[in-house]
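Down below is the structure, laid out as structure tokens.
Number of protein chains: 2
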Amino acid sequence: MSARRLDPASLAAGIRAGDRAVLARAITLIESTRADHRQTAHRLVQELLPATGKAVRLGITGAPGAGKSTTIDALGTHLTRSGHKVAVLAVDPSSSRTGGSILGDKTRMARLSLDPDAFIRPSPSSGTLGGVAAKTRETMLLCEAAGYDVIIVETVGVGQSETAVADMTDFFLVLMVAGSGDELQGIKKGIVELADMIAVNKADGDNIARANVAAADFRSALHILQPRSPTWMVPVITYSALTGAGIDTLWNHVADYQRKMTASGELTARRRDQQVKWMWTLLEERLAARLRGDPTVRGKVRQAESAVAAGTLAPTLAVEEIASLLGL
Amino acid sequence: MSARRLDPASLAAGIRAGDRAVLARAITLIESTRADHRQTAHRLVQELLPATGKAVRLGITGAPGAGKSTTIDALGTHLTRSGHKVAVLAVDPSSSRTGGSILGDKTRMARLSLDPDAFIRPSPSSGTLGGVAAKTRETMLLCEAAGYDVIIVETVGVGQSETAVADMTDFFLVLMVAGSGDELQGIKKGIVELADMIAVNKADGDNIARANVAAADFRSALHILQPRSPTWMVPVITYSALTGAGIDTLWNHVADYQRKMTASGELTARRRDQQVKWMWTLLEERLAARLRGDPTVRGKVRQAESAVAAGTLAPTLAVEEIASLLGL
């Protein structure tokens, strides 16, 4: 990229003006691992910060086959039709391995990918989950500054990616489908704790009854869990991304949540906590990078880790040794 | 303590010989924050490491009123009667604030506290949860080296203490009680993910029916969650710490779990992962201590944290500034 294009001020101006090309270029800058690019990216994000935070941040996860793409395509189209500008981002740590991206194939979201009021960006493929999540966060801020008022962040649910997405969004939506026959698809452990809503997809045709049964089961399961917020009881709904039935209800719940949590001040608190937690995560990433970077330290860490795993070295002693190498 | 008493070798010998006085003294050393004591403690743990790992490590949590103390008293007595040596430890971060300890009052466990085959130690009161947990872990290792073959670690469930206890035990038991009337006491979020068994207490007298209903509700809730291990389906049982009814069944499940998970190799894997995770937690604690320790760094971190919370400073920039101060 030329020096002009890398000037944070002009990039920021282009983004604020809603220039998609500039936005795309800025995201590429965010995703770059080059030191000078990182510096410029930091300044850009800092410059745009005042223009961020106005969007509804919606996290979506669902097992393969739950219909994430068709749901986002239907929901996104429903939203742009009613005047919203929608950005679709993703956190997919595996994309760094495959080199590709879960959003690479535009046909995944046939209608939305052609929608001028929608902006779809594949997951960054930059190694660690922390790294991928950090870049997606910054991309989210850029999209907000560009005027997108609904940011959808999807995840395939590899490892801890659901937690990472829940930690950067206001509302975490878990998509399920009624299993074939009487077999109920179980909720991945850890996810039920993050869910602000569970939506059972494919409630269409002769599958409606099965979807309702699944929803009832999920409801009975959730009612024995203490709600995370006194303001919000986690709803369980059914819908069909195929026919579009229930998509409006799905969104109404999200909007209702945003209203209630804003009024109670919980939304502000949640975002504040997310920001601070993110800062600490980044700091830990820095430490981890330092541990990987220095050959001496890296060697010591590898050695210590295996000795600790083997039970021949006490973790406390291992940490003493590593810390002394780091001057901590 | 005198130099002799602080000699790791002689402390280790006394512990291996099952000398309760030496064990107690060694734990006091473990809990000491004095730098030289820490060093000696590290060497002691390292020296005893080969003698550890042979106990069943049982974590227990339960809401106030669930009857944790009476349950541990009944279970512990049941175990010592059948030839086990039982150590009861605790992770109670709040004890550092109150200065007291949830185990301070021996009358909490009337029978067990007088049992020569039981060793009860209050929670260390050393500030952060990480600090408290680390000391309880080391205390657990000392107790194993002293010949205790069942280590019970209880937690009141303040903040993340359940996760800390689940991360240091083989089996995490969640105690519940049937709520008064039809009101079902909800499971604290996050706990259902950790539970290896849910036991509904106070299944006695005219409360038996209510306890059974509660158990059935918990079962129906758990069946929609994907089990953490293919080897273990989380059982939901009822029992009475008061009458002792079901205490044997409760323990049989724990023993059964230990057998199955040992056979499948999952127990070894779980402990290995716990060790490594612990090492990283300790390293993060060290970094955090460094951040708190240095006045310059501390000031910068406070300032950065509030600016990030206020949304006026990008976390990435904040981390740049802190990292440069730390030379990371």
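For the protein sequence lines, the chains are Z and L, in the order given. Quick note: the first sequence uses the numbering used here, first residue 21, plus one each step. Quick note: the second sequence uses the numbering used here, first residue 21, plus one each step. For each residue, glycine too, the CB sits at the ideal point set by N, CA and C.
Assuming residue i and residue j form a contact by the criterion Cβ under 8 angstroms, report the distance between their Cβ atoms to the nearest whole angstrom.
{"i": "Val-185(L)", "j": "Ile-218(L)", "result": "In fact, because the Cβ distance is near 16 angstroms, the residues do not count as touching under 8 angstroms."}
{"i": "Leu-345(L)", "j": "Thr-301(L)", "result": "Contact flag wrong, Cβ pair sits at about 23 angstroms."}
{"i": "Tyr-277(Z)", "j": "Ile-267(Z)", "result": "Contact doesn't hold; Cβ gap of about 16 angstroms is too wide."}
{"i": "Glu-164(Z)", "j": "Thr-81(Z)", "result": "The Cβ separation is near 21 angstroms, so there is no contact."}
{"i": "Phe-238(L)", "j": "Ile-244(Z)", "result": "6 angstroms"}
{"i": "Ala-107(L)", "j": "Ser-143(L)", "result": "So it is not a contact: roughly 13 angstroms between Cβ atoms."}
{"i": "Glu-158(L)", "j": "Val-65(L)", "result": "5 angstroms"}
{"i": "Asn-221(Z)", "j": "Leu-195(Z)", "result": "6 angstroms"}
{"i": "Asp-137(L)", "j": "Thr-91(L)", "result": "That belief does not hold up - the Cβ atoms of Asp-137(L) and Thr-91(L) are roughly 18 angstroms apart, past 8 angstroms."}
{"i": "Asp-187(L)", "j": "Val-76(L)", "result": "So it is not a contact: roughly 16 angstroms between Cβ atoms."}
{"i": "Val-170(Z)", "j": "Leu-78(Z)", "result": "7 angstroms"}
{"i": "Lys-155(L)", "j": "Glu-51(L)", "result": "5 angstroms"}
{"i": "Leu-262(L)", "j": "Asp-314(L)", "result": "About 53 angstroms; that fails the 8 angstroms criterion."}
Starting from residue i, find everything on chain Z with Cβ-Cβ shorter than 7 angstroms and list it in chain order.
{"i": "Ala-334(L)", "result": "His-62, Val-65, Gln-66 and Leu-69"}
{"i": "Glu-51(L)", "result": "Here the premise fails: no neighbours, minimum Cβ distance about 13 angstroms."}
{"i": "Asp-237(L)", "result": "Ile-244"}
{"i": "Ala-338(L)", "result": "Met-299"}
Buried or exposed for residue i, please, with buried defined as at least 16 other CB atoms from any protein chain shown within 10 angstroms of its CB.
{"i": "Gln-295(Z)", "result": "buried"}
{"i": "Pro-113(Z)", "result": "buried"}
{"i": "Gly-150(L)", "result": "buried"}
{"i": "Met-21(L)", "result": "Legend: pLDDT at Met-21(L) = 49, less than 50; position of this residue unreliable, no value from coordinates given."}
{"i": "Thr-282(Z)", "result": "exposed"}
{"i": "Asp-93(L)", "result": "buried"}
{"i": "Asp-216(L)", "result": "buried"}
{"i": "Asn-272(L)", "result": "exposed"}
{"i": "Gly-87(Z)", "result": "buried"}
{"i": "Asp-56(Z)", "result": "exposed"}
{"i": "Leu-49(L)", "result": "buried"}
{"i": "Leu-95(Z)", "result": "buried"}
{"i": "Pro-84(Z)", "result": "exposed"}
{"i": "Gly-119(L)", "result": "Because the pLDDT at Gly-119(L) is just 41, under 50, the model does not fix this residue reliably, and the point stays unresolved."}
{"i": "Leu-31(Z)", "result": "buried"}
{"i": "Pro-335(Z)", "result": "buried"}
{"i": "Ala-46(L)", "result": "buried"}
{"i": "Ala-330(Z)", "result": "exposed"}
{"i": "Lys-74(Z)", "result": "exposed"}
{"i": "Ala-44(L)", "result": "exposed"}
{"i": "Arg-230(L)", "result": "buried"}
{"i": "Pro-70(Z)", "result": "exposed"}
{"i": "Thr-97(L)", "result": "buried"}
{"i": "Ser-102(L)", "result": "exposed"}
By the DSSP assignment, the beta strand (DSSP E) with residue i in it spans what residues?
{"i": "Gly-150(Z)", "result": "Looking at the DSSP string, Gly-150(Z) is not in any beta strand (DSSP E); the run it does join, the alpha helix (DSSP H), is 149–165."}
{"i": "Ile-171(Z)", "result": "170–175"}
{"i": "Ile-257(Z)", "result": "256–258"}
{"i": "Met-299(L)", "result": "That residue, Met-299(L), is in no beta strand (DSSP E); its alpha helix (DSSP H) goes 286–313."}
{"i": "Leu-69(L)", "result": "Run containing Leu-69(L): none; DSSP gives neither H nor E here."}
{"i": "Val-99(Z)", "result": "Reading off the sequence, residue 99(Z) comes out as Leu, not Val. Counting along the chain, Leu-99(Z) falls outside any beta strand (DSSP E), though it belongs to the alpha helix (DSSP H) covering 88–101."}
{"i": "Ile-218(Z)", "result": "217–221"}
{"i": "Leu-214(Z)", "result": "It is not in any beta strand (DSSP E) - Leu-214(Z) instead sits in the alpha helix (DSSP H) that spans 211–214."}
Quick check on the DSSP output: the alpha helix (DSSP H) that includes residue i runs from which residue to which?
{"i": "Ile-140(Z)", "result": "Element bounds for Ile-140(Z): not the alpha helix (DSSP H) but the beta strand (DSSP E), 138–140."}
{"i": "Arg-239(Z)", "result": "228–242"}
{"i": "Leu-78(Z)", "result": "From DSSP, Leu-78(Z) is part of no alpha helix (DSSP H) but of the beta strand (DSSP E) over 76–82."}
{"i": "Thr-53(Z)", "result": "No alpha helix (DSSP H) contains Thr-53(Z), which DSSP labels as neither H nor E."}
{"i": "Met-196(Z)", "result": "Looking at the DSSP string, Met-196(Z) is not in any alpha helix (DSSP H); the run it does join, the beta strand (DSSP E), is 191–197."}
{"i": "Met-281(Z)", "result": "267–283"}
{"i": "Ala-334(L)", "result": "It is not in any alpha helix (DSSP H) - Ala-334(L) carries neither H nor E in the DSSP assignment."}
{"i": "Ala-29(L)", "result": "28–36"}
Is it the case that the CB of residue i approaches a heavy atom of the ligand ZN more closely than 7 angstroms?
{"i": "Ala-44(L)", "result": "No copy of the ligand ZN appears in this structure; indeed no ligand is present at all."}
Strictly below 8 angstroms CB to CB, what residues from chain L border residue i?
{"i": "Gln-6(Z)", "result": "Nothing about residue 6(Z) can be reported from this structure: the residues present for chain Z run from 21 to 348 only."}
{"i": "Ser-240(Z)", "result": "Asp-237, Ser-240 and Ala-241"}
Mind pulling the chain Z residues with CB within less than 9 angstroms of residue i?
{"i": "Gly-85(L)", "result": "Correct list: empty, because the minimum Cβ distance to chain Z is about 15 angstroms."}
{"i": "Val-328(L)", "result": "Arg-292, Gln-295, Val-296, Trp-298 and Met-299"}
{"i": "Leu-31(L)", "result": "What Leu-31(L) touches in chain Z: nothing, since even the nearest Cβ is about 15 angstroms away."}
{"i": "Gly-331(L)", "result": "Leu-69, Pro-70, Thr-72, Gly-73, Arg-291, Arg-292 and Gln-295"}
So which residues on chain L does residue i lean against when the C-beta distance must stay under 9 angstroms?
{"i": "Val-220(Z)", "result": "Within 9 angstroms Cβ-Cβ: nothing; Val-220(Z) doesn't reach chain L, min ~12 angstroms."}
{"i": "Ile-342(Z)", "result": "Met-299, Leu-303 and Arg-306"}
{"i": "Glu-158(Z)", "result": "Ala-334 and Thr-336"}
How would you list, in chain order, the residues of chain Z whose beta-carbon sits under 8 angstroms from the beta-carbon of residue i?
{"i": "Asp-169(L)", "result": "What Asp-169(L) touches in chain Z: nothing, since even the nearest Cβ is about 18 angstroms away."}
{"i": "Ala-75(L)", "result": "Here the premise fails: no neighbours, minimum Cβ distance about 14 angstroms."}
{"i": "Ala-324(L)", "result": "Met-299"}
Given that residue i touches chain L, what residues does it touch there, using C-beta distances under 7 angstroms?
{"i": "Glu-213(Z)", "result": "Lys-209, Gly-210 and Glu-213"}
Mind listing which residues of the segment 138–150 of chain L have their C-beta closer than 7 angstroms to chain Z's C-betas, in chain order?
none
Could you please tell me which residues of the segment 291–317 of chain L, in chain order, have their CB closer than 7 angstroms to any CB of chain Z?
Arg-292, Gln-295, Val-296, Trp-298, Met-299, Leu-302, Leu-303, Glu-304, Arg-306, Leu-307 and Arg-310
When you check each C-beta in the segment 178–198 of chain L against every C-beta of chain Z, which residues fall closer than 9 angstroms?
none
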